[in-house]
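Here the structure is laid out as structure tokens; the discussion comes afterwards.
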Amino acid sequence: MQVEEAQEDVRRVYRGGFSGPLAAALTWFAAAAVYQWVSSDAAMAVLFFGGMFIFPLATLILKILGGPTALPKGHPSISLAMQSAFTVPLGMLVAIAVGIYEPALFFPASLIIVGAHYLTFISLYGMWLYGALAGVLVAVGTVSLFWLPSLGGISGWVGAAVLLLFAIPLYLSYRASLASETVPTDVVADER
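For the numbering used here, count along the sequence shown from 1 and bump the result up by 23.
So this is what it looks like as structure tokens:
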């Protein structure tokens with residue numbers, strides 16, 4: 024199987040991957056709310072443990088939409104997806120350590136970790152839109168961490184909003200690819 028074929032399978036099965044950022048946005052909104060109204064320690068727990076449910080929630084979203092929800096066994100992209108997924112909880116341990124030291128730095132550190140995680144999605148899906156998502160998350164995290172630490176407390180809300188906003192073009196990209204596949208060839212030939 025060629026790389027392009029594997030990427031097409033990933034885009035088709037996971038519908039451009041939109042359900043992952045959508046599920047992640049819900050988790051980030053919950054963690055940001057807990058940070059604001061409960062405590063920073065509880066927010067760290069919500070993001071860490073809630074993050075473990077992002078893939079199952081994303082899969083549930085796909086199941087509701089109908090169609091496949093997983094790549095076939097033995098697909099070459101499964102290992103890259105798993106490796107990418109495990110970088111987040113491991114990196115979150117560092118974000119939690121930073122957050123224990125200074126709670127306002129937890130979300131910025133988490134944004135950098137999650138943003139870096141999305142870089143592998145460029146290769147996994149063959150979509151540069153994931154590079155933009157990664158760049159925005161890392162930029163928000165970096166600015167909040169190093170230059171405007173006063174944004175640390177609200178950066179969880181910002182991260183949630185970014186994830187939610189990127190779910191839209193990811194889904195639209197998938198829908199556009201479907202539309203281009205379903206154009207009858209005789210219609211295309213007649214238009215020439």
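Where a beta carbon is used, it is the ideal one built from N, C-alpha and C, also for glycine. Remember, it's a predicted structure, so these values are computed and weren't measured experimentally.
Taking DSSP as the reference, what is the three-state secondary structure of LEU195?
-> Assignment of LEU195 by DSSP, reduced to helix, strand and coil, places it in the helix class.
Alpha carbon of PHE52 to alpha carbon of LEU45, nearest angstrom | Taking the straight line from one Cα to the other gives about 11 Å.
Which first and last residues belong to the alpha helix (DSSP H) in which GLU28 is found?
-> 26 to 36 is the span of the alpha helix (DSSP H), which, as asked, contains GLU28.
Tell me whether HIS98 sits in a helix, a strand or coil according to DSSP, three-state version.
-> Three-state DSSP puts HIS98 in coil, outside helix and strand.
For ARG215, which of helix, strand or coil comes out of DSSP?
-> Confidence is the limiting factor: at ARG215 the pLDDT is only 43, short of 50, which leaves the residue's position unreliable, though a coordinate-based value still follows. In the three-state reduction of the DSSP assignment, ARG215 falls in the coil class, being assigned neither a helical nor a strand state.
For my contact list, ALA54 and GLY179 are in at a C-beta cut-off of 8 Å; report their separation, rounded to the angstrom.
-> Confirmed, Cβ separation roughly 6 Å.
CB-CB under 6 Å to VAL26, same chain, minus the five flanking residues each way: which ones, in chain order?
-> Annotation for VAL26: no residue places its beta carbon closer than 6 Å to its own, counting only its chain and skipping 5 residues before and after.
Nearest-angstrom Cα separation, counted from LEU128 out to LEU88 | Those two C-alpha atoms are separated by around 37 Å.
Going by C-alpha distance, which of HIS98, LEU156, VAL57 is nearest LEU186?
-> Of HIS98, LEU156, VAL57, the smallest CA-CA separation from LEU186 is found for LEU156.
List in chain order: all unbroken alpha helix (DSSP H) runs of 4+ residues lying wholly within the stretch 125 to 194.
-> Qualifying alpha helix (DSSP H) stretches, in chain order: 129 to 144, 152 to 165.
MET115 and GLY175: beta carbons closer than 8 Å?
-> Cβ distance not < 8 Å, so MET115 and GLY175 don't count as in contact.
Do VAL161 and ALA139 have their C-beta atoms within less than 8 Å of each other?
-> It is a contact, given that the beta carbons lie within the stated cut-off.
Can you give me the Cβ contacts of GLY164 inside the same chain, cut-off strictly under 6 Å, excluding the 5 residues immediately before and after it?
-> The answer, listed in chain order, is PRO131, LEU134, ILE135.
Just to confirm, are ARG34 and LEU85 a CB contact at a threshold of 8 Å?
-> No, the pair does not count as a contact, with Cβ atoms beyond the cut-off.
With respect to the alpha helix (DSSP H) encompassing VAL69, which residues constitute its N-terminal and C-terminal limits?
-> VAL69: member of the alpha helix (DSSP H) spanning 63 to 74, first to last residue.
Leaving out five residues before and five after LEU80 in sequence, what residues of the same chain have Cβ atoms less than 6 Å from its Cβ?
-> Result list for LEU80: ALA46, in chain order.
Check GLY230 in the structure and name its three-state DSSP category.
-> Absent from the model: residue 230. The displayed extent of the chain is 24 to 215, so no value can be given.
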